[in-house]
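J.:
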Amino acid sequence: MRSRPAARRTLDPIEPAASTAPIGPRTEPLMRIASPFIGLESIVAEHVPLARHTWFKLGGPARYFITPRSVEQLQDAVRRCVDFNIPIYVLGLGANLLVADEGVNAAVFRLSDDCFRVARFDGVRVEVGAGVDMQKLLLRTARSGLAGLECMAGIPGTVGGAIRMNAGTRDRWMDRVVSEITVCEPAGLRSIAGADLPWGYRSSGLSDRSVVVEAVLALQPGDTADMRREIEERLLVDARVFVASFDRPNIRYRIVEKREPREQLLRFIRDEHPNEAGIVYCLARNTVDDATMP
Ligand SMILES: Cc1cc2nc3c(=O)[nH]c(=O)nc-3n(C[C@H](O)[C@H](O)[C@H](O)COP(=O)(O)OP(=O)(O)OC[C@H]3O[C@@H](n4cnc5c(N)ncnc54)[C@H](O)[C@@H]3O)c2cc1C
29 MRSRPAARRT LDPIEPAAST APIGPRTEPL MRIASPFIGL ESIVAEHVPL ARHTWFKLGG
89 PARYFITPRS VEQLQDAVRR CVDFNIPIYV LGLGANLLVA DEGVNAAVFR LSDDCFRVAR
149 FDGVRVEVGA GVDMQKLLLR TARSGLAGLE CMAGIPGTVG GAIRMNAGTR DRWMDRVVSE
209 ITVCEPAGLR SIAGADLPWG YRSSGLSDRS VVVEAVLALQ PGDTADMRRE IEERLLVDAR
269 VFVASFDRPN IRYRIVEKRE PREQLLRFIR DEHPNEAGIV YCLARNTVDD ATMP
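Here the sequence shown is numbered in our numbering, starting from 29 and rising by one per residue.
1) On the three-pair Cβ rule with 8 Å, is the region 244-253 touching the region 174-193?
2) Can you name, in chain order, every residue of its own chain whose Cβ lies under 6 Å from the Cβ of Gly120, other than the five neighbours on each side?
3) Within the same chain, show all residues whose beta-carbon is closer than 6 Å to that of Arg262, passing over the 5 residues directly before and after it, in chain order.
4) Counting only the same chain and skipping the five closest in sequence on each side, list residues whose C-beta sits under 6 Å from that of Val118.
5) From Ala105 to Ser219, what distance separates their C-alpha atoms?
6) Short of 6 Å in beta carbon distance, which residues of its chain neighbour Val72, apart from the five on each side in sequence? Order them along the chain.
7) Following a CB-centred definition, is Ser238 positioned closer than 7 Å to any heavy atom of ligand 1?
8) Just to confirm, is the Cβ distance from Arg145 to Glu155 under 8 Å?
9) Determine whether the beta carbon atoms of Ala221 and Glu242 lie at a separation below 8 Å.
10) So, with DSSP's three-state summary, where would you put Gly196?
11) How many Å lie between Pro96 and Asp141 at the Cα?
12) Just tell me which of Pro115, Lys164, His75 and Val206 has its CA closest to the CA of Gly88.
13) Run the CB neighbour count on Leu166, radius 10 Å, all protein chains shown included, and call it buried at 16 or more, exposed below.
14) Give me the residue from Glu258, Pro214, Gly122 and Glu178 with the minimum Cα distance to Arg107.
15) Which residue from Val160, Leu126, Phe112 and Leu139 puts its Cα closest to that of Gln101?
16) For my contact list, Gly228 and Asn194 are in at a C-beta cut-off of 8 Å; report their separation, rounded to the angstrom.
17) Say the cut is 7 Å; is the CB of Val106 nearer than that to a heavy atom of ligand 1?
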């Protein structure tokens, strides 16, 4: 049985601002007419609906939506936010966030540029950017015969979000494989050994002021066939959770058995839930078809 997702978070401010504080520089009132992000316009968009960027497709606009194209730009933008008293939030895939319809009067950072989505393999050591999609990383490590991330099968999100949330199953979490992380903080970049983080259930103990930029994962040699079996089994459990969550009075559903072949699962969804097929089928397809190893 998979662990249930942790309680959904709202976007956490990294630099909390007093709710009534205007956005603007702390020391020079005349600067208020100036944009805080002069020179960074190419990576800063304004009033961007977050529904486009969250897993649940919910959420109003972000005052500033920042997609840095380098670590230096990330640092620069974070510094400007601090200087201009703009609260900072980080968004992964938004799989563990609920964003309010009224939006966020803040800077929302997303590490979706290619420079944050790189994975370098060196034996059992994997250096990976925080913006990497966890399901893609899982499949790549498993295909390369590297074990340790199977517990992440079917858990949507980025590497940064998974580390921040210490995501995983009931008994295996990210903390087991994180050897080191690099975080961007208002004071600059900092490396932290995984062993020095106060990991807990669905928590890395990371400060709200820390943006995870990249991580070093320490994996182990593993058998690809075994890993494939475990991953597929976990994906089917996820599919069961999705289907079972359609708990409406006029919907008949049954719990899909853990080892039920995926063809049977998909037939069940198509044939027995024709009215709900849009959502359920789409979720099942993402987890069962798209993410299953060929
Ligand atoms: C269908 C479904 C099933 C799920 N099952 C599980 C499960 O079995 N186990 C489990 O643990 N979780 C589960 N989750 C929750 C979610 O998938 C995980 O928490 C995931 O790790 C979130 O990653 P994300 O990139 O989407 O983070 P987001 O949801 O975008 O953010 C989550 C938190 O991490 C912070 N964050 C994101 N990126 C960074 C970064 N680079 N640096 C610093 N902070 C960052 C955000 O500010 C926020 O506080 C499930 C969610 C769904 C929708």
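We put the beta carbon where it would ideally sit given N, CA and C, even for glycine. Keep in mind the model is a prediction, meaning the values are calculated, not measured.
T.: Let me spell this out:
1) Contact between the region 244-253 and the region 174-193 is established, with three or more Cβ pairs separated by less than 8 Å.
2) If the five residues before and after Gly120 are omitted, its C-beta is found closer than 6 Å to the C-beta atoms of Gly185, Thr186, Gly188 and Gly189, all from its own chain and listed in chain order.
3) Cβ-Cβ distances below 6 Å link Arg262 to Ala181 and Gly182 in the same chain, with the five nearest sequence neighbours on each side left out; the list follows chain order.
4) Hits under 6 Å: Phe137 and Val239.
5) Taking the straight line joining both Cα atoms gives about 19 Å.
6) Within the same chain, Phe65, Tyr92 and Ile94 come within 6 Å of Val72 by CB-CB distance, once the 5 residues on both sides are set aside.
7) Checking every heavy atom of ligand 1 against the Cβ of Ser238, one is found closer than 7 Å.
8) In this structure, Glu155 does not lie closer than 8 Å to Arg145 by Cβ.
9) Between Ala221 and Glu242, the gap from beta carbon to beta carbon reaches 8 Å or more.
10) Reduced to three states, the DSSP call for Gly196 is strand.
11) Between Pro96 and Asp141, the C-alpha separation is close to 7 Å.
12) The residue with the shortest Cα to Cα distance from Gly88 is His75.
13) Burial call: buried.
14) Nearest option by C-alpha distance: Pro214.
15) Cα-wise, what sits closest to Gln101 is Leu139.
16) About 7 Å separates the two Cβ atoms, so the contact holds.
17) No, since every heavy atom of ligand 1 falls outside the 7 Å radius drawn around the Cβ of Val106.
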